[in-house]
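Before any comments, here is the structure.
Numbering (my numbering), first residue to last: 1250 to 1498.
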């Protein structure tokens, strides 16, 4: 299977090195590696970018600097301008998912333009684009930062690509499996139940006597249904032991 075309992330006149680093980190999370930077305010390389990239050094090391947006996208057949406004330019409007679908289906290089943090893309930058890329967002608080906007577009591109590639190429849920402990063995659950029954007995919880067996079964059902793991059982036993001892002096 051929490698899918990856979007090129173009940061136009970014102001802070930290934001460039965070954008690089967002890109590499989803396998996007080509960054182009137009007229960075504080020059390049920027010492603040590396720490914020949190290990995405390959993106920063490969970043190319351009004197204008036109030069940065000169070799690209498809250009998307991320903006919440059309700025008087009539162009097709797509969301992150729509742009991702176009990147996977239309041959050629696809560049996504992101404007400066304070004011976004200038009108002349938007004029270079073939599409307006807009994220549906809360109309009362439309405030995405640069890295958030980058990660949305990269995620949608990655998701469509992995879905097309099949289950073997699915996105990984970080550490999800490592955090799941196996269920506690039955003898640990029995110990928990016996402990709780012993504490409840003096208070008459199992009365009236004819209902004792049914009440005990219901209690056991409640305590076994969730599938406690051994750490949770030990924690609950600790709680019961503390309650059993009563308040400290």
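Note that CB positions come from ideal geometry on N, CA and C, so glycine has one too.
The shortest CA-to-CA distance from residue 1379 to any of 1312, 1326, 1392, 1333 is the one to 1326.
The C-alpha of residue 1271 lies about 39 Å from the C-alpha of residue 1432. Excluding residues up to 5 positions away in sequence, 1403, 1404, 1407 lie with their Cβ nearer than 6 Å to the Cβ of residue 1279 in the same chain. Residue 1461 counts as exposed, since fewer than 16 other C-beta atoms from the protein chains shown sit within 10 angstroms of its C-beta. Where residue 1308 is concerned, the enclosing alpha helix (DSSP H) starts and stops at 1306-1310.
Its chain contains 1442 as the residues whose beta carbon lies nearer than 7 Å to that of residue 1469, once the 5 sequence neighbours on both sides are disregarded; these appear in chain order. Ranking 1262, 1329, 1350 by CA distance to the CA of residue 1342 puts 1329 first. Annotation for residue 1267: 1297, 1301 place their beta carbon closer than 6 Å to its own, counting only its chain and skipping 5 residues before and after. Taking 8 Å as the cut-off, the beta carbon of residue 1256 is found no closer than this to the beta carbon of residue 1290. Rounded to the nearest whole angstrom, the C-alpha separation of residue 1487 and residue 1274 is 42 Å. DSSP places residue 1369 within a strand segment (E or B) once states are collapsed to three. Beta-bridge analysis with DSSP links residue 1327 to 1359. The region 1257-1326 contains, as complete alpha helix (DSSP H) runs of 4+ residues, the segments 1266-1278, 1298-1302, 1306-1310, 1318-1321 (chain order). Residue 1412 and residue 1398 have their C-alpha atoms roughly 22 Å apart. When C-alpha distances from residue 1401 are compared across 1375, 1368, 1363, 1440, the shortest belongs to 1363. Distance from the Cα of residue 1376 is smallest, within the candidate group 1391, 1318, 1356, 1324, for 1318. Here residue 1316 is not near residue 1285, since their CB atoms are 8 Å or more apart. If you look at residue 1381, you'll find it isn't in any alpha helix (DSSP H); it sits in the beta strand (DSSP E) that goes 1380-1382.
Nearest Cα to residue 1480 within the set 1276, 1434, 1307, 1395: 1434.
Residue 1432 is bridged by DSSP to 1478. For residue 1351, the enclosing alpha helix (DSSP H) stretches over residues 1345-1354. The C-beta of residue 1459 has fewer than 16 other C-beta atoms within 10 Å across all chains shown, which makes the residue exposed. Bounds of the alpha helix (DSSP H) holding residue 1472 are 1461-1473. Looking at the DSSP output, residue 1342 sits in a beta bridge with 1381.
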